[in-house]
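First comes the structure, then the notes that go with it.
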Amino acid sequence: MVSHCSWPFSRPVALLCYDCVGESSIKTHLCASLRRIRFLFLAYLLCLVAGTAVAVKMASTSRLDALPRVTCPNHPDAILVEDYRAGDMICPECGLVVGDRVIDVGSEWRTFSNDKATKDPSRVGDSQNPLLSDGDLSTMIGKGTGAASFDEFGNSKYQNRRTMSSSDRAMMNAFKEITTMADRINLPRNIVDRTNNLFKQVYEQKSLKGRANDAIASACLYIACRQEGVPRTFKEICAVSRISKKEIGRCFKLILKALETSVDLITTGDFMSRFCSNLCLPKQVQMAATHIARKAVELDLVPGRSPISVAAAAIYMASQASAEKRTQKEIGDIAGVADVTIRQSYRLIYPRAPDLFPTDFKFDTPVDKLPQL
1 MVSHCSWPFS RPVALLCYDC VGESSIKTHL CASLRRIRFL FLAYLLCLVA GTAVAVKMAS
61 TSRLDALPRV TCPNHPDAIL VEDYRAGDMI CPECGLVVGD RVIDVGSEWR TFSNDKATKD
121 PSRVGDSQNP LLSDGDLSTM IGKGTGAASF DEFGNSKYQN RRTMSSSDRA MMNAFKEITT
181 MADRINLPRN IVDRTNNLFK QVYEQKSLKG RANDAIASAC LYIACRQEGV PRTFKEICAV
241 SRISKKEIGR CFKLILKALE TSVDLITTGD FMSRFCSNLC LPKQVQMAAT HIARKAVELD
301 LVPGRSPISV AAAAIYMASQ ASAEKRTQKE IGDIAGVADV TIRQSYRLIY PRAPDLFPTD
361 FKFDTPVDKL PQL
């Protein structure tokens, strides 16, 4: 006897009794029907998802078409070319710049590898330092986290332990101190490099054994400033190094003798521009002060006086003759000299004041009305 089974989506089967067919045959037929139902349900879901995606795409396309489109007024169908360097949208047909200052939304891949003063993300570790024996390519053992990395007192065994010689460690500390001092008085990188080279030469010669490395570094910085044509006073170096002027002066003389080198004599012109700039004096007053100081030295009016005190006295005289007057205390604070020192140098040049000013100087206060101190 053949009949249709009551299971959905099934083929015609022979209608047999339960005893003839058996329980296993019925279970097999039931599983096959469930698989067909699951397949049809998944097919329905796929059709539903595909239809939704098509609808979303059509909606987005319609929105994009509704947005204003940048085109060339002379060639609307031309595909614009983007100049990434200038940020311009250019028509390839006529060369018209349709849009400018276009924002580049792409990734920035530059790493500035040529900048020596910063980290280089394209490399592993710091750059090589030629001033050190191993090029500063030593190995550092990091701080451990396990119990074996601590001693019986709880202190880390390997903290800051490096395979670096004591001489390299001393030079590294000195280089850091030199960089710190230079940053405090806004010195450029070339002076820092020259100072580091001077310190390395002095340290390797061992000619200043027994002197503190900080004092040697301060003296090297003073020498480097003079060699590079931007001299600083001993007081300025003392202020950033916390080393006494006497100690820096001793190291300065020993270094010149050990390296068999010399530095140019400092003049009043080496400090005039910086002092006048810090005092916010106009260019006319600066030029007059420079002329006064140079003429005073040529006429031998200030024998034995330091160039700094002569420059301070010249600035005081020029400012008093102009509309931009400055007091002795203001000038002394900038130049690093006492008021009495300025007065002593001023008294030496005051009698020849009419001969010291440039001929084109515009006096706000006549020479005979200048303070006599």
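Quick note: the sequence shown, position 294, residue 294 per full-length UniProt numbering, numbers continuous. C-beta atoms are modelled at their ideal positions from N, C-alpha and C, and glycine is treated no differently. Remember, predicted model here, so these are calculated numbers, not experimental data.
Return yes when the Cβ of residue j is within less than 8 angstroms of the Cβ of residue i, no when it is not.
i	j	result
N196	E228	no
L131	K200	yes
I349	A311	no
I308	A338	no
I266	I223	no
V302	S273	no
R226	V263	yes
I178	L208	no
C72	C47	no
Q215	C251	In the sequence on display, residue 215 carries Ala and not Gln. Contact flag set, yes.
Q320	T365	yes
Please name the residue in the options whose C-alpha comes closest to that of residue i.
i	options	result
L370	T359, R326, Q201	R326
S218	V310, G249, E204, T267	G249
A212	P231, R242, T365	R242
M287	D300, F271, L301	F271
S306	L281, K329, T341, L279	T341
L299	P354, H75, V81, L256	P354
M317	R347, L301, A338	R347
R352	A293, D364, I90	A293
D100	C94, D77, V70	V70
N278	C238, G269, L259, I331	I331
P282	E324, F252, G304, E247	E324
P358	Q328, T180, A32, A314	A314
D360	Y44, G304, H291, P92	H291
K257	G269, V202, F234	V202
residue 374	Y84, K253, M89	No statement about residue 374 is possible, as the shown extent of the chain runs from 1 to 373 and does not include it.
E260	R36, L198, G269, T268	L198
A170	A32, N186, E204	E204
N74	C91, K362, G51, M172	C91
Q372	R343, R38, K176	R343
F175	L80, G210, T268, V192	V192
If I follow the unbroken alpha helix (DSSP H) through residue i, where does it start and stop?
i	result
G249	245-259
I185	From DSSP, I185 is part of no alpha helix (DSSP H); its letter is neither H nor E.
D88	Looking at the DSSP string, D88 is not in any alpha helix (DSSP H); the run it does join, the beta strand (DSSP E), is 88-90.
I334	328-335
K369	Note, K369: premise wrong, no alpha helix (DSSP H); not H, not E.
V230	Note, V230: premise wrong, no alpha helix (DSSP H); not H, not E.
R211	Premise fails: R211 is in no alpha helix (DSSP H) and is neither H nor E.
I308	307-321
D339	339-349
L356	353-356
A288	283-298
Quick one: give me the first and last residue of the beta strand (DSSP E) that residue i is part of.
i	result
V98	97-99
V81	81-83
D270	D270 -> not in any beta strand (DSSP E); alpha helix (DSSP H) instead, spanning 269-278.
Residue i and residue j look like a contact to me (Cβ under 8 angstroms); what is the Cβ gap, rounded to whole Å?
i	j	result
V240	R184	4 angstroms
V102	E82	6 angstroms
V367	S322	In fact, because the Cβ distance is near 12 angstroms, the residues do not count as touching under 8 angstroms.
C276	A289	6 angstroms
K235	K246	Their Cβ separation, rounded to whole angstroms, is 12 angstroms, which puts K235 and K246 out of contact at 8 angstroms.
Any chance the CB of residue i is under 7 angstroms from a heavy atom of the ligand ZN?
i	result
L48	In terms of ligand content, the structure shown is empty, and the ligand ZN therefore cannot be addressed.
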